[in-house]
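Chemist: Take a look at this one; I'll ask things after.
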Amino acid sequence: GGSRVGRWGPVETGRLVESVCYQLREKGMGDKLEEPMVVSGKDSEEEVTISSLIDWNLAATHVGTRTRHQCLCKWANSLCTNTENPTRIWVTADDIKLIEIILSMKIRDEYNVDWLEVLKRGKWKGRTSSWIHSKWSILVHCIPGYRVKYFYQKCGFLKQITLPALKKSLERFQQPHNTEDTNIDINPAVTC
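At position 169 of the sequence shown (counting the first as 1) the number is 191 in our numbering, and the numbers step up by one without a gap.
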């Protein structure tokens with residue numbers, strides 16, 4: 023694979039889809055593309071994501087211009103159509119839940135976050151741990167001076183400043199409002 027950065031071109035995207043479809047067909051799972059992202063394991067009750075069945079190094083080689091990680095992220099975050107609820111968008115309540123889950127885990131270092139565990143606790147169907155981690159990063163990047171803050175300082179800011187602001191925004195959005203009011207947030211969120 024390569025190491026190109028930036029927007030994916032149509033040729034790259036097509037090659038990635040070809041590789042994923044080919045690999046699933048080779049495993050006798052070509053029909054799984056339209057099913058939920060999580061399928062039952064063959065030999066156990068453990069659930070396996072379709073993304074975990076793909077050799078992402080092979081996919082990157084086929085694409086030729088992207089790394090294995092870029093291929094996995096592109097598939098999981100924008101190409102994979104097999105989510106349980108593809109119309110479900112990330113909303114303010116999800117930001118709140120994500121912050122509360124991280125805070126409840128009592129983690130001392132950002133590198134110790136088990137994103138798969140966060141995903142399970144949040145019960146976000148059709149999402150990946152990488153996607154959840156990227157949502158966390160978006161929240162953290164809204165913190166003034168986040169680059170020089172320790173993890174506990176970032177969590178403190180999110181707990182004391184961001185979380186109350188998100189909850190207030192959500193409450194304001196959920197309250198019945200005057201339809202003549204033109205200053206209504208359609209999708210409430212804290213801006214950076």
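Note that beta-carbon positions come from the ideal geometry of N, C-alpha and C, so glycine has one too.
Every value quoted in this text rests on a predicted model; they were computed, and no experiment measured them.
#1: If contacts are defined as beta-carbon pairs under 8 Å, then S41 and L94 qualify, I think. What distance do you get, rounded to the angstrom?
#2: Considering Cα atoms alone, identify which of W112, L38 and I160 is closest to K145.
#3: Which first and last residues belong to the alpha helix (DSSP H) in which S126 is found?
#4: Tell me which residue opens and which closes the alpha helix (DSSP H) that I160 is part of.
#5: Just to check my reading of the structure: K176 and I165 have Cβ atoms closer than 8 Å, yes? What is that Cβ distance to the nearest angstrom?
#6: Count Cβ pairs between the segment 119–137 and the segment 151–159 that sit closer than 8 Å; are there 3 or more?
#7: Does S100 come out as helix, strand or coil in the three-state DSSP assignment?
#8: Rounded to the nearest angstrom, what separates K189 and A115 at their Cα positions?
#9: Measure the C-alpha to C-alpha separation of E122 and H91 and round it to an integer number of angstroms.
#10: What separation, rounded to the nearest whole angstrom, lies between the Cα atoms of G86 and Y44?
#11: Between S25 and T89, how many whole angstroms is the CB-CB distance? I'm expecting something under 8 Å.
#12: Do S131 and F173 have their C-beta atoms within less than 8 Å of each other?
Modeler: Here's the rundown:
#1: Between L94 and S41 the Cβ distance is about 11 Å, and since that is not below 8 Å, they are no contact.
#2: W112
#3: T114 to S126
#4: S151 to H163
#5: 6 Å
#6: yes
#7: helix
#8: 8 Å
#9: 28 Å
#10: 16 Å
#11: 6 Å
#12: Going by the sequence as given, residue 131 is Asp instead of Ser. In this structure, F173 lies closer than 8 Å to D131 by Cβ.
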